[in-house]
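Colleague:
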Amino acid sequence: MAPAQAQSNGGYDPRSWTYDPARNVLVSPSAPDQPSDAETRREWSTIPREIVHFSEAQPKGSIVIDTTQRRLYYILGNGRALRYAVGVGKEGLEWSGRDTIPAKKTWPDWRPPAEMRSREASNGRFLPVHVEGGPNNPLGARALYIGNTLYRVHGTNQPWTVGQANSSGCIRMTNDDVIDLHDRVKIGSQIIVRH
Numbered sequence: 053m054a055p056a057q058a059q060s061n062g063g064y065d066p067r068s069w070t071y072d073p074a075r076n077v078l079v080s081p082s083a084p085d086q087p088s089d090a091e092t093r094r095e096w097s098t099i100p101r102e103i104v105h106f107s108e109a110q111p112k113g114s115i116v117i118d119t120t121q122r123r124l125y126y127i128l129g130n131g132r133a134l135r136y137a138v139g140v141g142k143e144g145l146e147w148s149g150r151d152t153i154p155a156k157k158t159w160p161d162w163r164p165p166a167e168m169r170s171r172e173a174s175n176g177r178f179l180p181v182h183v184e185g186g187p188n189n190p191l192g193a194r195a196l197y198i199g200n201t202l203y204r205v206h207g208t209n210q211p212w213t214v215g216q217a218n219s220s221g222c223i224r225m226t227n228d229d230v231i232d233l234h235d236r237v238k239i240g241s242q243i244i245v246r247h
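For the sequence shown, my numbering assigns the number 53 to the initial residue and increments by one for each residue that follows.
And the structure:
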């Protein structure tokens with residue numbers, strides 16, 4: 053693919069992205085009709101995680117995600133939870149359910165499913181088949197796999213997208229938050245996603 057084409061495909065060709073070592077993130081080029089990443093970052097500020105009251109009876113160590121609120125709750129027990137901000141599935145790609153966490157990965161590889169690549173290609177954006185784990189990877193620093201699904205709770209190299217409904221169904225967190233959650237969650241923990 054010629055460099056000019058790489059710039060015109062919606063920012064998904066890793067050869068056209070730039071690495072910002074100061075923030076340890078990969079920055080995709082903006083589509084012509086969208087604000088630049090620099091403009092978006094100026095308006096963005098992190099939503100801090102915090103311990104909150106949580107009256108719902110769920111086992112300690114469980115994860116409850118409320119996609120309407122765009123918040124993830126890690127259950128601490130004794131009526132408390134650690135609340136994190138998350139990005140969720142965009143309209144038409146929302147989902148809900150209950151499962152467990154069978155695996156966790158550090159700097160996971162990204163293999164977009166064929167249906168995601170097809171959907172994005174129909175919009176003129178061409179996803180790679182595979183991106184190795186690391187700062188150039190859209191899955192960010194950590195991933196928690198959800199049951200036998202294609203969905204994950206994962207980090208992002210675009211933290212300003214957290215708090216929005218813009219994913220293909222995965223739950224997106226800042227890298228700092230997903231590292232914190234990854235260190236707390238045990239394999240086999242319950243996860244509930246609802247809206």
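Note that beta-carbon positions come from the ideal geometry of N, C-alpha and C, so glycine has one too.
Is it the case that the Cβ atoms of A155 and I244 are separated by a distance below 8 Å?
Modeller: no
Colleague: What is the residue span of the beta strand (DSSP E) that L196 lies within?
Modeller: 194-197
Colleague: Would you identify the three-state DSSP class for A137, choosing helix, strand or coil?
Modeller: strand
Colleague: Quick one, which of Q121, Y126, T201 has its alpha-carbon nearest P111's?
Modeller: Y126
Colleague: Check for me: the alpha helix (DSSP H) holding H234 runs from which residue to which?
Modeller: 227-236
Colleague: Just checking, does the region 204-220 make contact with the region 182-195 on the three C-beta pairs under 8 Å criterion?
Modeller: At 8 Å Cβ cutoff, the stretches touch.
Colleague: Bridge partners for W147 per DSSP, in chain order?
Modeller: W147 is bridged by DSSP to nothing; it lacks a bridge partner.
Colleague: Drop a sphere of 10 angstroms on the beta-carbon of H105, count the other beta-carbons inside from all chains shown, and report buried for 16 or more, exposed for fewer.
Modeller: exposed
Colleague: Between the Cα of E167 and the Cα atoms of M225, I153, V116, L202, which residue gives the shortest distance?
Modeller: Cα-wise, what sits closest to E167 is L202.
Colleague: To the nearest angstrom, how far is the alpha carbon of L128 from that of H234?
Modeller: 14 Å
Colleague: Name the two residues that bound the continuous beta strand (DSSP E) containing R204.
Modeller: Taken as a continuous stretch (DSSP letters only), the beta strand (DSSP E) holding R204 covers 204-206.
Colleague: Look at the Cβ atom of S107, then the Cβ atom of G131, and state whether they are nearer than 8 Å.
Modeller: yes
Colleague: Once the 5 residues before and after Q216 are set aside, which same chain residues still bring their CB inside 7 Å of it?
Modeller: G139
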